[in-house]
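Engineer: This is the structure I have questions about; it appears just below.
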Amino acid sequence: MTPERGGRKMVRIWLGDHLIAEYTAEPDRASRYQRVMTPKFTGLRITVDNAAVGSASELPSEQLWPLTVQ
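With the first letter of the sequence shown counted as 1, position 17 gets the number 17 in the working numbering; the numbers rise by one all the way through.
This is the structure we're talking about:
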């Protein structure tokens with residue numbers, strides 16, 4: 001079992017079994033990011049899980065979210 005880090009969530013975007021992006025965020029931002037990105041990344045799986053100690057990047061500002069899908 002992996003330890004949680006202050007209740008933060010890990011958001012991951014998958015292409016099949018290949019991880020293409022990984023971010024950490026507060027639970028509400030992580031869920032909101034998943035809802036916004038799911039229709040934009042049609043066919044890709046986006047997961048939100050408890051964050052483990054690691055080297056994932058902080059989820060970018062919401063103003064930058066549209067720039068992730070051009």
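Glycine residues also receive a C-beta, built at the ideal position from the N, C-alpha and C atoms.
All figures in this text were calculated on a predicted structure; none of them were measured in a lab.
Any idea if Thr2 is buried or exposed, counting beta-carbon neighbours within 10 angstroms, 16 or more meaning buried?
Structural biologist: Confidence in Thr2 is poor, its pLDDT being 45 and thus under 50, which makes the residue's placement too unreliable to answer from.
Engineer: To the nearest angstrom, how far is the alpha carbon of Leu19 from that of Asp28?
Structural biologist: One C-alpha to the other measures close to 22 Å.
Engineer: Looking at chain C, is there any beta carbon in it that lies within less than 7 Å of the beta carbon of Glu22?
Structural biologist: In the structure shown, chain C cannot be found, because there is only a single protein chain.
Engineer: When you compare only the Cα positions, how much space is there between Lys9 and Ser57?
Structural biologist: Whole-angstrom Cα-Cα distance: 12 Å.
Engineer: Is Ala52 helix, strand or coil when you go by DSSP?
Structural biologist: Ala52: coil per DSSP, three-state reduction.
Engineer: Could you give the distance in angstroms between the alpha-carbon of Glu26 and the alpha-carbon of Met37?
Structural biologist: Glu26 and Met37: Cα-Cα distance of roughly 16 Å.
Engineer: Can you tell which of Glu62, Gln34, Lys40 has the C-alpha that lies nearest to the C-alpha of Asp49?
Structural biologist: Taking only the C-alpha atoms, the option nearest Asp49 is Gln34.
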